[in-house]
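As structure tokens, the structure follows; a few thoughts come after it.
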Amino acid sequence: MIDVTLDNVSKQFGNVKGVSDVHIQIKPGEFFTFLGPSGCGKTTTLRMIAGFYFPSAGRILFGNKDVTNLPPNKRNTGMVFQNYALFPHLTVFENIAFGLQVRKVSKPEMIERVERAQKQVRLEGFGNRRIDQLSGGQQQRVALARALVIEPQILLLDEPLSNLDAKLREETRLEIKRLQLELGITTIYVTHDQSEAMSMSDRIMVMQGGVVQQIGSPEQIYNKPVNSFVASFIGESNLWDGIVERIEGHEVLVRFAPELLLRGRIDHASPTCTIEEGARITTSIRPESVVEVHSEELNQQNVVKGKVAISEFTGVSVNYITQIGPVQLKAMFVNQGHQVRHGGEEISFFIPKESIYFIE
Numbered sequence: 026m027i028d029v030t031l032d033n034v035s036k037q038f039g040n041v042k043g044v045s046d047v048h049i050q051i052k053p054g055e056f057f058t059f060l061g062p063s064g065c066g067k068t069t070t071l072r073m074i075a076g077f078y079f080p081s082a083g084r085i086l087f088g089n090k091d092v093t094n095l096p097p098n099k100r101n102t103g104m105v106f107q108n109y110a111l112f113p114h115l116t117v118f119e120n121i122a123f124g125l126q127v128r129k130v131s132k133p134e135m136i137e138r139v140e141r142a143q144k145q146v147r148l149e150g151f152g153n154r155r156i157d158q159l160s161g162g163q164q165q166r167v168a169l170a171r172a173l174v175i176e177p178q179i180l181l182l183d184e185p186l187s188n189l190d191a192k193l194r195e196e197t198r199l200e201i202k203r204l205q206l207e208l209g210i211t212t213i214y215v216t217h218d219q220s221e222a223m224s225m226s227d228r229i230m231v232m233q234g235g236v237v238q239q240i241g242s243p244e245q246i247y248n249k250p251v252n253s254f255v256a257s258f259i260g261e262s263n264l265w266d267g268i269v270e271r272i273e274g275h276e277v278l279v280r281f282a283p284e285l286l287l288r289g290r291i292d293h294a295s296p297t298c299t300i301e302e303g304a305r306i307t308t309s310i311r312p313e314s315v316v317e318v319h320s321e322e323l324n325q326q327n328v329v330k331g332k333v334a335i336s337e338f339t340g341v342s343v344n345y346i347t348q349i350g351p352v353q354l355k356a357m358f359v360n361q362g363h364q365v366r367h368g369g370e371e372i373s374f375f376i377p378k379e380s381i382y383f384i385e
């Protein structure tokens with residue numbers, strides 16, 4: 026296992042900045058994900074680690090070794106591409122063995138390592154099949170086996186599940202995580218899919234416009250977003266703009282409209298957020314943290330009342346979009362057989378102080 030350090034790495038394409046000042050240290054054996062929308066710089070960053078791009082500024086280190094200017098074949102990384110990049114004229118065995126042939130590994134050792142890699146990805150008995158005889162999921166496993174068979178120090182995966190259907194994507198996601206835990210290999214994963222990132226990663230780096238927005242565990246990224254982009258990109262969030270009306274000890278009162286005042290905790294704020302009387306502030310409230318209340322509970326603090334604009338029954342959950350004065354509130358409840366309210370009906374919600382997070 027080895028750590029990977031990006032020391033203020035930037036990449037310029039002519040006059041366009043692809044990535045700006047990325048500074049991270051990925052721990053040995055960690056599953057680390059680059060997450061963001063298309064064009065945010067995540068694949069560019071991965072390709073610099075692989076050696077396909079050289080940084081315009083900064084350094085890349087594997088352990089204590091500076092690999093910034095080393096070509097890909099000198100870095101001992103295994104790469105799984107989005108389109109798999111398999112050779113259609115070769116068999117499964119030959120595709121997996123390709124990297125070993127380039128390294129001039131002896132035939133007995135090659136056979137042993139390829140068979141072991143096939144077993145790891147559960148493709149025993151597929152060695153003589155052609156690539157066009159395989160399903161998309163099986164092709165993805167061949168690409169994974171080819172990356173693992175060379176016994177790399179670092180495994181790099183660039184949106185490896187994007188070409189699979191939903192069911193295969195979920196199955197393969199579990200396979201990749203199982204293998205990573207079993208092998209203990211440092212893994213860097215690129216995706217735009219938040220559920221993949223949240224379920225697989227030890228830590229996530231969220232990017233937008235070539236700039237790192239936040240680095241943290243899935244729990245930190247989800248529960249404590251540093252800005253409105255992270256809050257809206259990771260899952261659903263109600264982002265309300267308000268003004269700090271007053272501070273009372275460890276609590277803060279924020280007014281969003283003449284009749285809409287919420288009380289939150291002053292310590293539930295991002296490090297970049299300034300909380301002082303009169304300050305403009307954005308509030309992030311996750312839909313699943315909202316609680317429906319009934320008439321006898323309407324006098325509680327942080328109870329809001331409105332009309333259902335849209336209701337959605339998914340089987341697993343009931344989702345509402347409710348108009349509360351000038352703002353909309355998204356709420357989500359696990360289906361427990363309760364009555365589903367429909368458009369135009371009045372509904373009241375309790376918003377716990379602990380579920381309110383303040384961002385700049």
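Take the sequence shown: its letter number 10 is residue 35 in this note's numbering, and every next letter is one higher.
Cβ atoms here follow ideal geometry from the backbone N, Cα and C, with glycine treated the same way.
It should be emphasised that the depicted structure is a prediction, and the values quoted were computed from it without experimental measurement.
When the five nearest sequence neighbours on each side are left out, the beta carbons in the same chain lying within less than 7 Å of the beta carbon of arginine 305 are those of Asp266, Ile268, in order along the chain. Taking the CA atoms as reference points, glutamate 273 sits about 14 Å from histidine 293. DSSP places lysine 144 inside the alpha helix (DSSP H), whose first and last residues are 132-145.
Minimum Cα-Cα distance from glycine 303 among the listed residues Ile384, Leu278, Thr212 corresponds to Leu278. Comparing alpha carbon positions, the residue from Lys132, Phe38, Ile175, Glu140 closest to lysine 99 is Ile175.
In the DSSP assignment, the residues bridged to leucine 285 are Ala282.
For glycine 241, the enclosing beta strand (DSSP E) begins and ends at 236-241. Taking 3 residues as the minimum length, the beta strand (DSSP E) runs contained wholly in the region 191-249 are 211-216, 228-233, 236-241, in order along the chain.
Cα atoms of serine 309 and proline 97: separation of roughly 42 Å, rounded to the nearest angstrom. For glycine 331, the pairing in a beta bridge is given by DSSP as Ile372. According to DSSP, residue pairing for asparagine 344 in a beta bridge involves Glu337, Met357. Three or more pairs of CB atoms, one per stretch, sit closer than 8 Å, so the region 52-71 contacts the region 219-229. Under the three-state reduction of DSSP output, arginine 311 falls in the coil class, being neither helix nor strand. When the alpha-carbon of serine 187 is set against those of Leu181, Leu180, Ile179, Thr197, the nearest one is in Thr197.
Counting along the chain, the unbroken beta strand (DSSP E) around phenylalanine 57 starts and ends at 56-60. The beta-bridge partner set that DSSP reports for glutamine 37 consists of Lys42.
When secondary structure is reduced to three states using DSSP, valine 251 falls in the coil class, being assigned neither helix nor strand. For arginine 166, the closest C-alpha among the options Ala110, Ile210, Thr211, Ala191 is that of Ala110. Approximately 7 Å separates the beta-carbon atoms of serine 336 and valine 343; this is inside 8 Å, confirming the contact. By the neighbour-count criterion, in which 16 or more other beta carbons inside 10 Å mark a residue as buried, valine 341 falls on the exposed side. Straight through space, the alpha carbons of methionine 223 and histidine 217 are spaced by roughly 11 Å.
Taking all protein chains in view, the Cβ of glycine 289 is crowded by 16 or more other Cβ atoms within 10 Å, so the residue is classified as buried. Taking the CA atoms as reference points, methionine 73 sits about 54 Å from glutamate 371. Distances from the CA of glycine 124 to each of Ala168, Ser81, Glu261 were compared; the closest alpha carbon is that of Ala168. If you look at alanine 82, you'll find it isn't in any alpha helix (DSSP H); it sits in the beta strand (DSSP E) that goes 82-87. Rounded to the nearest whole angstrom, the CA to CA distance from glutamine 178 to glutamate 134 is 19 Å.
When DSSP states are grouped into helix, strand and coil, phenylalanine 383 belongs to the strand group.
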